[in-house]
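In the numbering used here, the protein residues as written are 114 to 267.
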């Protein structure tokens, strides 16, 4: 399979998988905030939602890494020029960095929550970590209204 075709398929997958990943993340956040503020038990459903969210985000990130190395928008030659061009800087540095940090935060949040015994503490850990990750993700998505706009659907 040529790189161009592989890139197109991966980009298509990446574009649609994000909705599943974001949907799971938002569901996990809502469940965690409700559980924390409502002083609810941390159920198997809460654990599975957090786990599936983390898995979905890891898949999204791994596909993104593959795209990163195939992308015509990522440039390593002449970093000074790359950093002075908003479009190249976004794809070469900002998008990858913020998404990596978000995935790490999700992973650390879930891992830390698993080690806790008190249900509300588990909910609190997931709520805070996943919410921070969501903010980072939303900032690093190339929304149609931004300078680095990409279509919402491919």
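Even for Gly, the Cβ is constructed at its ideal location relative to N, Cα and C.
Please read all numbers here as calculations on a predicted model, not as lab measurements.
Short check: CB of residue 189 to CB of residue 204, under 8 Å? Going by C-beta atoms, residue 189 is not nearer than 8 Å to residue 204.
Leaving out the 5 sequence neighbours to the left and right, which residues in its chain are closer than 7 Å to residue 151 when beta-carbon positions are compared? Nothing listed; no residue qualifies.
Taking a contact to mean a Cβ-Cβ separation below 8 Å, would you say residue 263 touches residue 125 in this structure? No, Cβ-Cβ distance for residue 263 and residue 125 is not below 8 Å.
Could you check where the alpha helix (DSSP H) with residue 232 kicks off and where it finishes? Looking at the DSSP string, the run of the alpha helix (DSSP H) that includes residue 232 is 232-253.
For residue 242, which residues in the same chain have their Cβ closer than 6 Å to its Cβ, ignoring the five residues on either side in sequence? Closer than 6 Å at the Cβ level, and outside the excluded window around residue 242, lie 218, 222.
Might you give, ordered along the chain, the residues of its own chain that have their beta carbon closer than 8 Å to the beta carbon of residue 176, omitting 5 neighbours on each side? Correct list, in chain order: 123, 126, 127, 130.
Residue 145: first and last residue of the uninterrupted alpha helix (DSSP H) it sits in: First-last of the alpha helix (DSSP H) with residue 145: 116-150.
So, under 8 Å CB-CB, residue 225 and residue 238 are touching, yes? Tell me the CB distance rounded to an integer number of Å. Yes, residue 225 and residue 238 are in contact; Cβ-Cβ is about 5 Å, under 8 Å.
Considering residue 170, what are the terminal residues of the alpha helix (DSSP H) in which it resides? Counting along the chain, the alpha helix (DSSP H) containing residue 170 begins and ends at 157-183.
Please list, in chain order, all residues of the same chain as residue 133 whose beta carbon is under 7 Å from its beta carbon, the five residues on each side excluded. Correct list, in chain order: 169.
Less than 7 Å between C-beta atoms, sequence neighbours within five positions excluded: which residues of the same chain meet that for residue 220? Once the five neighbours on either side are set aside, the close Cβ partners of residue 220 are 167.
So, helix, strand or coil for residue 206, using DSSP? Helix at residue 206.
Taking all protein chains shown into account, decide if residue 235 is buried (16 or more other Cβ within 10 angstroms of its Cβ) or exposed. Answer is buried; the Cβ neighbour count reaches 16.
In the DSSP assignment, the alpha helix (DSSP H) including residue 195 goes from what residue to what residue? First-last of the alpha helix (DSSP H) with residue 195: 192-197.
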